[in-house]
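Quick note: the sequence shown, position 19, residue 20 per our numbering, numbers continuous. Where a beta carbon is used, it is the ideal one built from N, C-alpha and C, also for glycine. Everything numeric in this text was worked out from a predicted model, so none of it was measured. Following: one structure in structure tokens, then a few remarks.
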Amino acid sequence: MKKSIEIHNNHQKIRDIEGLVEDVSIRFLLQETYYGNIMALSDFVFLNLCKLEGEYPIRIEFESDHDAYKFIWTLDKVLYDNLLSIRLDPDIQFDNLIEKLSDKVFYNDSEQSVQFYFATRSFNHSLSMNRMNQLRAYYKTTSTIIQKHDTFFDN
């Protein structure tokens, strides 16, 4: 699935970003952890971009595959350069927070884009393991009931 929005670095546009995250959350039944991390990361990045004077275009694209959710922010050159300088500001601790909220971050200087990567393979694996354990517990209970039932009729 791909979904995208195009906005400007204007505080009122935060609702558009939140709408995108909400749509993705509903479509993929995101756990609270993913939802919270994606929303916090998006707000943090966007609010830092809004500090810059003037309005510049931002394209945010969501992509998913069997391994990950990816949010790709393609920025105007002015915004991209500003984002790179924010990364160097020790008071903001941009990289530290971004690394805690996402699984990987990729910067593409030629496209002036940043990709925030959220790994889903482990999430899908844990869901599968949880379902498998529930099925095992169910069949074990069912098997015990059937064995008791068979023993009752054998007498």
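{"Asked": "Asp75 by DSSP, collapsed to three states: which one?", "Found": "With the sequence shown as reference, residue 75 is identified as Thr, and Asp is not the correct amino acid for it. Here Thr75 sits in strand by DSSP."}
{"Asked": "Going by the CB atoms, is the gap between Lys14 and Glu64 shorter than 7 angstroms?", "Found": "no"}
{"Asked": "Let me know if Phe119 comes out buried or exposed under the rule of 16 or more other beta-carbons within 10 Å of its beta-carbon.", "Found": "buried"}
{"Asked": "Does DSSP put Ser26 in a helix, a strand or coil?", "Found": "helix"}
{"Asked": "Round the Cβ separation of Gln113 and Lys78 to the nearest angstrom and send it over; I've been treating them as touching at under 8 angstroms.", "Found": "6 angstroms"}
{"Asked": "Using three-state DSSP, classify Ser86 as helix, strand or coil.", "Found": "helix"}
{"Asked": "Per DSSP, what are the beta-bridge partners of Ala120 in this structure?", "Found": "Ala69"}
{"Asked": "Between the alpha carbons of Thr34 and Ala41, how many angstroms are there, rounded?", "Found": "10 angstroms"}
{"Asked": "Following the continuous beta strand (DSSP E) through Ser5, name the residue where it begins and the one where it ends.", "Found": "3 to 9"}
{"Asked": "Distance check for Phe29 and Asn83, CA to CA, integer angstroms please.", "Found": "32 angstroms"}
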